[in-house]
Amino acid sequence: MEETSTRTIERIGEQRKHVMERLGRIRRRIAVMSGKGGVGKTTVAINIAALLAENNSVGLLDADIDCPNVNKFLGITEKFSVSGGKIKPVEKYSMKIASMASLQDSEDTAIIWRGPMISHAILQFLESVEWGNLDYLIIDTPPGTSDAALTLMQLVQLSGVVIVSTPHPVSLTDANKTINMAKQMNVPVLGIVENMAGGIFGSGVEKLAESAGVPFLGSIKLQKTLSNMTSKGVPAVKDDKNLRKDFENIVKGLLLHQQKD
Ligand SMILES: Nc1ncnc2c1ncn2[C@@H]1O[C@H](COP(=O)(O)OP(=O)(O)OP(=O)(O)O)[C@@H](O)[C@H]1O
Ligand SMILES: [Mg+2]
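For the sequence shown, the tail end lands on 347 under my numbering, and the numbers increase by one without skipping.
Here it is as structure tokens:
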């Protein structure tokens with residue numbers, strides 16, 4: 087039994103080394119995560135990436151393999167061009183974007199994969215996409231603390247995670263799980279973003295940040311501009327002055343809390 091776990095740790099260590107050798111040209115890798123689905127991870131990941139891309143070289147990886155939404159949010163219909171086993175990412179809003187949606191014939195096709203295949207697909211994207219030299223790779227993830235989150239925290243040396251939560255008690259509980267997972271896996275939590283604040287949801291994410299001892303990065307209200315973002319295909323920060331300010335503050339906080347490298 088003991089021998090098996092030693093071998094597992096060795097294997098993970100080797101895999102991690104291999105992945106990191108391939109990612110040497112990506113300075114910072116930041117994953118946007120939440121325990122709960124539908125709280126705004128993709129919205130936050132895209133807007134953070136679009137702002138950073140105004141002054142940095144930025145990649146955006148859609149690690150939501152079975153329900154990839156990044157392309158839909160950005161109005162991307164292009165497919166990847168692949169040559170010599172290398173994938174050329176789609177470029178839009180100065181970002182290099184890689185999503186499973188760029189490999190699918192139709193967005194309605196269901197991808198029905200087990201955990202190890204999800205994990206494999208994420209690593210393939212990290213290794214096979216021609217990212218070039220990047221200052222930041224922002225990674226949009228599916229909800230939960232299992233396959234994708236585990237692969238990223240275990241095998242990719244993440245610079246940190248940004249957690250997204252609505253003020254709803256269920257979302258707060260699930261966000262706290264992701265914070266605890268990151269702590270357990272020694273991945274820095276760069277901060278937590280409150281989304282869909284106001285109205286019947288109220289607020290409450292700042293309190294969670296305080297009690298969990300992680301930075302609170304800011305709050306985004308529940309609003310029509312954001313619920314319409316998918317139909318326009320334009321990041322809100324390029325389309326709405328107030329939202330741009332909100333996200334600028336979030337990015338400022340994020341940069342403040344990122345570790346020096
Ligand atoms: N502050 C907001 N106000 C209004 N609508 C919002 C807000 N934030 C996100 N939305 C909308 O809510 C829906 C869910 O957001 P999004 O897809 O970003 O969540 P997610 O956490 O990535 O979901 P999933 O867990 O399925 O990946 C989207 O239609 C998005 O446009
Ligand atoms: Mg999403």
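Beta carbons are placed, not taken as given, at the ideal position from N, Cα and C, and that holds for glycine.
Mind checking whether residue i and residue j have CB atoms under 8 Å apart?
| i | j | result |
| --- | --- | --- |
| Val-118 | Asp-226 | yes |
| Ala-261 | Leu-294 | yes |
| Arg-111 | Leu-220 | yes |
| Val-291 | Pro-255 | no |
| Gly-299 | Ile-336 | no |
| Pro-154 | Met-186 | yes |
| Lys-263 | Thr-231 | yes |
| Ile-306 | Asp-326 | no |
| Ser-214 | Ile-173 | yes |
| Ile-224 | Ala-135 | yes |
| Val-275 | Val-247 | yes |
| Lys-348 | Tyr-222 | An answer regarding residue 348 cannot be provided, because it is not within the stretch 87 to 347 covered by the chain. |
| Pro-228 | Lys-122 | no |
| Val-273 | Leu-244 | yes |
Using CA atoms only, rank isn't needed, just tell me which of the options is closest to residue i.
| i | options | result |
| --- | --- | --- |
| Arg-330 | Ile-132, Arg-93, Gly-218, Gly-171 | Ile-132 |
| Lys-338 | Gln-210, Ala-149, Ile-95, Val-279 | Val-279 |
| Gly-284 | Met-271, Val-320, Lys-310 | Lys-310 |
| Gly-124 | Asp-150, Glu-100, Arg-108, Gly-99 | Asp-150 |
| Ser-251 | Lys-127, Thr-163, Asp-325 | Lys-127 |
| Gly-99 | Ile-208, Ile-198, Ser-297, Met-239 | Met-239 |
| Leu-138 | Ser-214, Lys-122, Arg-115 | Arg-115 |
| Gln-101 | Ser-313, Arg-200, Leu-209 | Leu-209 |
| Ser-313 | Asp-332, Ser-289, Met-282 | Met-282 |
| Glu-177 | Ser-188, Ser-169, Gly-170 | Ser-188 |
| Ile-69 | Trp-217, His-343, Leu-308, Thr-94 | Past the boundaries of the shown model lies residue 69; the chain is included only from 87 to 347, so the question cannot be answered. |
| Leu-340 | Arg-200, Lys-103, Val-130, Leu-109 | Val-130 |
| Glu-216 | Ile-249, Leu-147, Trp-199, Ala-234 | Leu-147 |
| Ala-184 | Arg-200, Trp-199, Gly-170, Lys-158 | Lys-158 |
| Gly-319 | His-343, Val-156, Ser-289, Gln-270 | Val-156 |
| Glu-334 | Ser-91, Arg-113, Asn-141 | Asn-141 |
| Asp-233 | Gly-218, Trp-199, Ser-257 | Trp-199 |
| Pro-175 | Arg-108, Gly-277, Gly-218, His-104 | Gly-218 |
| Ser-192 | Arg-113, Asp-152, Leu-258 | Asp-152 |
| Gly-277 | Gly-288, Ser-91, Gln-344, Gly-170 | Gln-344 |
| Phe-302 | Met-271, Asn-328, Ile-265 | Ile-265 |
| Ser-56 | Ser-257, Thr-92, Thr-94 | The displayed coordinates of the chain run from 87 to 347. Any statement about residue 56 would go beyond what the structure contains. |
Ends of the alpha helix (DSSP H) at residue i?
| i | result |
| --- | --- |
| Val-156 | 156 to 160 |
| Ala-295 | 291 to 298 |
| Ser-317 | 315 to 318 |
| Glu-177 | Counting along the chain, Glu-177 falls outside any alpha helix (DSSP H), though it belongs to the beta strand (DSSP E) covering 176 to 178. |
| Ile-336 | 327 to 343 |
Identify the continuous beta strand (DSSP E) that holds residue i and give its terminal residues.
| i | result |
| --- | --- |
| Ile-224 | 220 to 226 |
| Asn-133 | Here Asn-133 belongs to no beta strand (DSSP E); instead the alpha helix (DSSP H) covers 127 to 138. |
| Leu-209 | First-last for Leu-209: 201 to 214, but that is the alpha helix (DSSP H), not the beta strand (DSSP E). |
| Asp-260 | Note, Asp-260: premise wrong, no beta strand (DSSP E); alpha helix (DSSP H) at 255 to 270. |
| Ala-187 | No beta strand (DSSP E) contains Ala-187, which DSSP labels as neither H nor E. |
| Glu-280 | 275 to 283 |
| Ala-234 | No beta strand (DSSP E) holds Ala-234; the alpha helix (DSSP H) holding it covers 233 to 241. |
| Lys-307 | 302 to 307 |
Heavy atoms of ligand 2 versus C-beta positions, residues under 5 Å: Lys-127, Thr-128, Asn-155
Cβ pair count under 8 Å reaching 3, the region 195 to 207 against the region 161 to 179: no
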